[in-house]
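Throughout the sequence shown, residue numbering follows this note's numbering, covering 1 to 294 in sequence. No residue lacks a Cβ here, since even glycine has one placed at the ideal position from N, Cα and C. Here the structure is a predicted model, which is why all the values come from computation and not from measurement.
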Amino acid sequence: MPAVLVLLLAGTWLLSGALVTGTEPLTVAVGRTAVCCLVLTVAAASSASGRAGLRQAVARPGTVWLLGLLGFAGYAAGTLLAIPRIGTSLTNLVVALMPCASVAVGALFFGERPGPRKAAGALLACAAAAGYAALGADAGDLDGVGLLLVAAATTAFAVYGFLYRARLSRLPSLAVLPVLLAAATCLLLPMSLPALIAHPPTLAATGGIVLLGAAVYAPAYLVQHRLILLRGPVFTAAVQLAVPFTVRLGDWALGTAPAPSVAEILLLAVCCGGIALVTVRTGERPAARVPSGR
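Okay, here's the thing in structure tokens:
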């Protein structure tokens with residue numbers, strides 16, 4: 001399951017990066033979210049248990065709108081607006097710091113206190129990421145707004161993981177996700193409407209958005225949320241550390257970026273080593289399984 005998640009998430013970044021080069025980022029965000037919502041709604045509504053789960057999720061509007069904003073609308077807008085400014089690989093690298101953000105969020109708001117090893121790992125990972133950014137990897141000039149956008153999106157999703165597990169863990173993900181994605185689509189639509197009217201996507205871009213939402217994001221969200229329930233937000237974020245490597249190699253294979261330099265590879269390795277200190281358990285009991293609500 002973790003390997004499947006890495007491949008799917010790498011696919012979302014590569015395809016999103018290709019789409020936003022010729023299409024407004026918010027158009028891609030609202031399109032992929034709406035398509036993913038439609039696909040998962042059809043899947044959930046195909047069974048009686050799925051329909052019951054949909055009704056239970058809809059009955060929690062406050063939680064739905066909050067999580068739709070943090071985990072989907074805010075995250076999608078922040079990351080996709082950052083890609084044209086700082087590039088796919090650098091955006092993905094900041095997102096890869098999510099384990100550090102999760103540790104901080106857990107300590108500040110959910111009573112999960114990090115030890116010295118985790119704190120040291122977070123600092124090491126952030127230092128390596130700053131060094132990687134300073135190389136200008138995947139971008140000509142670093143852009144402060146782009147970095148702030150993706151940092152805010154990363155923090156928002158870190159908060160989302162804890163809230164999702166705390167408030168909706170007893171409902172099956174297949175029933176919860178369509179409702180959250182519907183709320184996110186409603187939040188994204190007003191932001192994307194001016195760009196959508198002024199610069200409507202081409203037929204090819206529309207097809208790419210449909211493919212992105214239906215064939216890549218839908219299964220990625222299901223696997224990701226299953227891991228959050230089974231192993232927790234920090235573990236799930238740690239699995240995603242392999243994504244920057246996959247995306248960087250994908251950019252190279254597609255000819256959109258040069259081969260990684262020795263310095264880039266070393267800094268990426270140090271970054272992953274630091275986050276490993278944050279996420280790898282030593283001498284702890286495995287996390288308890290969370291009921292799926294069935």
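Coil, strand or helix - residue i by DSSP
{"i": "S89", "result": "helix"}
{"i": "M191", "result": "helix"}
{"i": "P291", "result": "Caution is warranted here: a pLDDT of 44 is assigned to P291, below 50, making its placement in the model unreliable, and the coordinate value is therefore given only provisionally. Of the three classes helix, strand and coil, the one that applies to P291 here is coil, per DSSP."}
{"i": "E112", "result": "coil"}
{"i": "A44", "result": "helix"}
{"i": "L171", "result": "coil"}
{"i": "G364", "result": "Absent from the structure is residue 364, since the part of the chain shown begins at 1 and ends at 294."}
{"i": "R117", "result": "helix"}
{"i": "P296", "result": "Since the first residue of the chain shown is 1 and the last is 294, residue 296 is not available in this structure."}
{"i": "A139", "result": "Its pLDDT being 48, under 50, A139 is placed unreliably in this model, and the value from its coordinates should be taken loosely. In this structure, A139 counts as coil in the three-state DSSP scheme."}
Residue i burial status per 10 Å Cβ neighbour count (16 or more: buried)
{"i": "H225", "result": "buried"}
{"i": "S49", "result": "exposed"}
{"i": "V35", "result": "buried"}
{"i": "T155", "result": "buried"}
{"i": "A139", "result": "No answer about A139 holds up, because its pLDDT of 48 lies below 50 and its placement is not dependable."}
{"i": "S47", "result": "exposed"}
{"i": "A183", "result": "buried"}
{"i": "L70", "result": "buried"}
{"i": "P172", "result": "buried"}
{"i": "I265", "result": "exposed"}
First through last residue of the alpha helix (DSSP H) which encompasses residue i
{"i": "Q240", "result": "Per DSSP, Q240 belongs to no alpha helix (DSSP H) and is neither H nor E."}
{"i": "F109", "result": "M98 to F109"}
{"i": "V280", "result": "Element bounds for V280: n/a, residue is neither H nor E."}
Residue i to residue j span [Cα, whole Å]
{"i": "V179", "j": "V58", "result": "7 Å"}
{"i": "I209", "j": "H199", "result": "15 Å"}
{"i": "S16", "j": "P258", "result": "19 Å"}
{"i": "W13", "j": "N92", "result": "8 Å"}
{"i": "A128", "j": "G274", "result": "8 Å"}
{"i": "P116", "j": "P233", "result": "20 Å"}
{"i": "L7", "j": "V243", "result": "7 Å"}
{"i": "V4", "j": "L135", "result": "30 Å"}
{"i": "L81", "j": "L149", "result": "7 Å"}
{"i": "A253", "j": "A96", "result": "21 Å"}
Short Cβ contact (8 Å threshold) for residue i with residue j
{"i": "S192", "j": "L229", "result": "no"}
{"i": "L277", "j": "L124", "result": "yes"}
{"i": "T279", "j": "P99", "result": "yes"}
{"i": "T206", "j": "V30", "result": "no"}
{"i": "A52", "j": "L174", "result": "no"}
{"i": "D251", "j": "T88", "result": "yes"}
{"i": "L26", "j": "A220", "result": "no"}
{"i": "F110", "j": "F157", "result": "no"}
Heavy atom of the ligand ZN within 7 Å of residue i beta-carbon
{"i": "G274", "result": "For the ligand ZN, the structure offers nothing, since it holds no ligand at all."}
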